[in-house]
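Trainee:
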Amino acid sequence: MVNLFSSKWDCLLEEEPLVLTGALYVFLRLLADHCRVLNIPKIESLKQMEIDFCFRMLREKFSLCLRIGRDLVRLLQDLAHVPEFCAIWKDLLYNPSAFLVDGFVDISQIYGTRTSRWYFLLRLTPEMESHLRFLMTHVKLGSQKRYQGKAWKVAFRLSVAALQGGSENQHPT
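-7 is the number of the first residue of the sequence shown in this note's numbering; add one for each residue after it.
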C-alpha cells in the first residue's frame, strides 16, 4: 500500500487528498508498532517506506495533515524517538512557521480540531467494528467482559500472526 500511495501521489493529491490523510493516519499508527520490532528485514524495509511517505506528507502537505486533528499530535508524539519525526516534533513545538501554512502559529491549534471518527475506523477490521457496535449498543455496562474476551483475543492473535509472518505488502491488522 505504501508503494501505491507513493507512486500515485500526484493523482491522489489532485483528486482524493483525503485518501492521503487517511493513509498518513494509518501509517503513523503502524509505525508506532513497527518501531517496537527490531531486526526483521521485511519490517525494516516496510518501516522505512512508511517513514518516507509520512515524512513527505508532513513536510510537503502539512495543511492537509491538519485535517486529522488532535490525534495527529498523539501519533507524532509516539514517534518522536524516530529521527525524522523528532525533527518534525521540534518544529511543531518551536518553529511552526517551518510548515509554511498560513494561519498556523502553534500546536495548540491542532488540539482544537477533533479527530473525525472516519480516521479511527480505518484501523478497525469489519469484524472488530461489528463487535464494538454490538458491545456499545446491546451490552449493559459491567457485563462487557463476558463478551469481549474472546473477540479481543482472536483479533490480537490475527494481528500478531500477520506481523510475524505477513509479507511487506500486507496490512498487519
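All C-beta atoms, glycine included, are put in the ideal place defined by N, C-alpha and C.
Here the structure is a predicted model, which means the values were calculated and not measured.
Three or more C-beta pairs closer than 8 Å, one from the segment 106 to 114 and one from the segment 61 to 71: is that the case here?
Mentor: Contact holds: three or more Cβ-Cβ distances are below 8 Å.
Trainee: By how many angstroms is the C-alpha of F96 removed from the C-alpha of A15?
Mentor: Those two C-alpha atoms are separated by around 22 Å.
Trainee: Which residues bound the alpha helix (DSSP H) around A79?
Mentor: It spans P75 to Y86 - the alpha helix (DSSP H) in which A79 sits, taken as one unbroken run.
Trainee: Which of the three DSSP states is assigned to I32 in this structure?
Mentor: Coil at I32, not helix or strand.
Trainee: Assign H26 to one of two classes, buried (16 or more other C-beta atoms within 10 Å of its C-beta) or exposed (fewer than that).
Mentor: Buried, since its Cβ has 16 or more Cβ neighbours within 10 Å.
Trainee: Touch check for the segment 49 to 59 and the segment 21 to 36: three-plus C-beta pairs under 8 Å?
Mentor: In short, these stretches do not touch, since the Cβ pair count stays below three.
Trainee: Could you tell me whether the Cβ atoms of L12 and E42 are closer together than 7 Å?
Mentor: Not in contact: L12 and E42 (Cβ atoms no closer than 7 Å).
Trainee: Give the straight-line distance between the Cα atoms of L179 and P33, rounded to the nearest whole angstrom.
Mentor: Outside the shown range of the chain, which is -7 to 165, sits residue 179, and nothing can be said about it.
Trainee: Can you tell me whether V131 is helix, strand or coil according to DSSP?
Mentor: Reduced to three states, the DSSP call for V131 is coil.
Trainee: By how many angstroms is the C-alpha of P75 removed from the C-alpha of Q101?
Mentor: Each residue's alpha carbon lies about 24 Å from the other.
Trainee: With distances taken Cα to Cα, identify the nearest neighbour of M49 among R115, N87, L114 and L20.
Mentor: Of the listed residues, the one whose Cα sits closest to M49 is L20.
Trainee: Do L166 and V18 have their CB atoms nearer than 7 Å?
Mentor: Past the boundaries of the shown model lies residue 166; the chain is included only from -7 to 165, so the question cannot be answered.
Trainee: Rounded C-beta distance between S(-2) and F47? I'm assuming under 8 Å.
Mentor: About 11 Å separates the two Cβ atoms, so there is no contact after all.
Trainee: Can you tell me where the alpha helix (DSSP H) with D2 in it begins and where it stops?
Mentor: Note, D2: alpha helix (DSSP H), W1 to E7.
Trainee: Under 7 Å between the Cβ atoms of W81 and A90?
Mentor: No, Cβ-Cβ distance for W81 and A90 is not below 7 Å.
Trainee: What are the boundary residues of the alpha helix (DSSP H) that includes V93?
Mentor: No alpha helix (DSSP H) contains V93, which DSSP labels as neither H nor E.
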